[in-house]
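Taking it in order: structure first as structure tokens, then the write-up.
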Amino acid sequence: MQIGGKQLFWMILTMQLGMTILLTINPSIQTAKQDAWLSTVCATGIGAGIAYVCSRLSIYHPRQTIVEFSKKLFGRYIGYTVMVLYFIYWYSVLAIIIRQYAEFIVATILPKTPILVPMLGMLLVAIYVTFSGLEVIARCCEILGPLTLLGIAIPLLLSLKNIHINNILPFYVDTGAMTILKGALPTSTFLGDCILLFVIMGFLAKPQDGMKPAILGVAAAGLLTSISTFLILSVFGHISASGQTYPYFNLIRYISYFDFFQNLDSFVIAIWIISVFTKVSLYFFVCTYGTAQSFGLKKWRRMIWFVAPVIALLTLIPRDFIDSSVVFPQKIAIPYLLPIHGIILPLLMWGIAKLKYK
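Taking my numbering, the leading residue of the sequence shown gets 212, the next gets one more, and so forth.
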């Protein structure tokens, strides 16, 4: 299995765009108020920095995944511990992604549907694509990525006529640097899942060319999130937007031209589902391939039938929307997953690699 740099860009962008815009803008606005768009700009820098470190580390170990190079850097036992920490991250986040997707679908377009239906539906699609291999996921992203980008960008352009600049004033004065940085944490957590690069970059045909598309993919997703946040604040104001569960979704519903060009929410939901499909498929592939590799299984596809039931059970742990989209991000993802898995461990491994391969 081999992928190209262009495919890597579309994989990262498509994976991060949908859920980052849908789920991180509200908590950022609740924290940073009218300066939340500055928070998302800061988060973009943090995400791009994580992508840079992950890419540089992977370039030191061409055609290897974290399962292999963690043992080279730390030794057998500590390397195994680091590997397990990342698998805990990927398994738990994958389950939460599927649960958040199902909660949104049931809340918006299928209100009387049992939540198991969208969860199992998305999981089955991910199983099918993963069985075909990473190359198939990459080709899907090459086709669906531009559609996702246009599907997010066009509604933003159509929202320009509704903005009121006074809603985002004054800049900085009412919040300050620390509040803006605190508001960047939710978006940084989502953009930080580019640590999947520790596995995905092992399949690049030209590993040395992987850093630029990886960083650009994260930066593009962060930039569109920043623009979305700016427009949401400009249209609704921070008081109204902070009380909306899905402010981007409400922004799209607000679009109307001549009472004819309106009701774009179903179109945006379809685009968002594409993004979730990409994210779930990549996470599922990483969990499956990485687990098989850690057990020394050459026929890695057999591990699908272990990973799928485990993920299905984990999706049932959150009791409701509050557990999956509020408690998990605030109590687990932001205080533990982002600093440990996204910042400390990558920097530590990169530092060791620089010294070792000096």
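We put the beta carbon where it would ideally sit given N, CA and C, even for glycine.
C-alpha gap between residue i and residue j, whole angstroms
i    : j    : result
P424 : F496 : 20 Å
H272 : F414 : 11 Å
A452 : L358 : 27 Å
V317 : P540 : 20 Å
I426 : Y297 : 21 Å
A254 : T400 : 8 Å
L380 : Q245 : 7 Å
W294 : L268 : First, the amino acid is wrong: residue 294 is Met here, not Trp. About 15 Å.
K417 : C352 : 19 Å
Y288 : G387 : 44 Å
H449 : N237 : 9 Å
G260 : I406 : 11 Å
V347 : W248 : 35 Å
K565 : F220 : 25 Å
G421 : K217 : 9 Å
A519 : L558 : 31 Å
L228 : I443 : 16 Å
G507 : N461 : 48 Å
I363 : L355 : 12 Å
Y339 : L234 : 27 Å
Y457 : M514 : 36 Å
F382 : L434 : 19 Å
G332 : T489 : 14 Å
P397 : K509 : 37 Å
A243 : S250 : 7 Å
L475 : L367 : 11 Å
P322 : E314 : 10 Å
Y465 : F342 : 41 Å
A544 : L402 : 12 Å
I326 : G286 : 43 Å
T292 : V537 : 28 Å
V491 : Q311 : 11 Å
Residue i classed as buried or exposed, judged by whether at least 16 other C-beta atoms fall within 10 angstroms
i    : result
T440 : buried
S477 : exposed
D404 : buried
K542 : exposed
I223 : buried
F602 : Here the chain has residues from 212 to 569 only, and residue 602 is not among them.
V429 : buried
I555 : exposed
P529 : buried
M212 : exposed
Q419 : exposed
I320 : exposed
Y494 : buried
Endpoints, alpha helix (DSSP H) assigned at residue i
i    : result
A564 : L556 to K567
V487 : D476 to S505
Q311 : R287 to T319
Q455 : Here Q455 belongs to no alpha helix (DSSP H), and DSSP marks it neither H nor E.
Q227 : G216 to A243
S535 : S535 -> no alpha helix (DSSP H), and no H or E assigned at all.
I332 : The sequence shown places Gly at residue 332, rather than the Ile named in the question. Here the alpha helix (DSSP H) through G332 covers L327 to S343.
I466 : Counting along the chain, I466 falls outside any alpha helix (DSSP H), and DSSP gives it neither H nor E.
W516 : I515 to L525
Y271 : A247 to Y271
Any chain B beta carbon closer than 7 Å to residue i
i    : result
A416 : Any reference to chain B falls outside this structure, which holds one protein chain only.
#### Entry: Cβ pair count under 8 Å reaching 3, the region 477-497 against the region 376-394
At 8 Å Cβ cutoff, the stretches do not touch.
### contact_flag[the region 268-286, the region 402-413] where n(CB pairs < 8 Å) is 3 or more
yes
### Task
Give, in chain order, every unbroken run of the alpha helix (DSSP H) that is at least 4 residues long and sits entirely within the region 364-449.
With a minimum length of 4 residues, the continuous alpha helix (DSSP H) runs that stay inside the region 364-449 are 388-402 and 408-411.
### Task
Take every Cβ of the region 357-376, pair it with every Cβ of the region 516-535, and state whether three or more of those distances are shorter than 8 Å.
Touching, no.
### Message
Can you confirm whether the region 498-505 touches the region 300-310 when touching is taken to mean that 3 or more C-beta pairs between the two stretches lie within less than 8 Å?
### Response
Touching, per the Cβ criterion.
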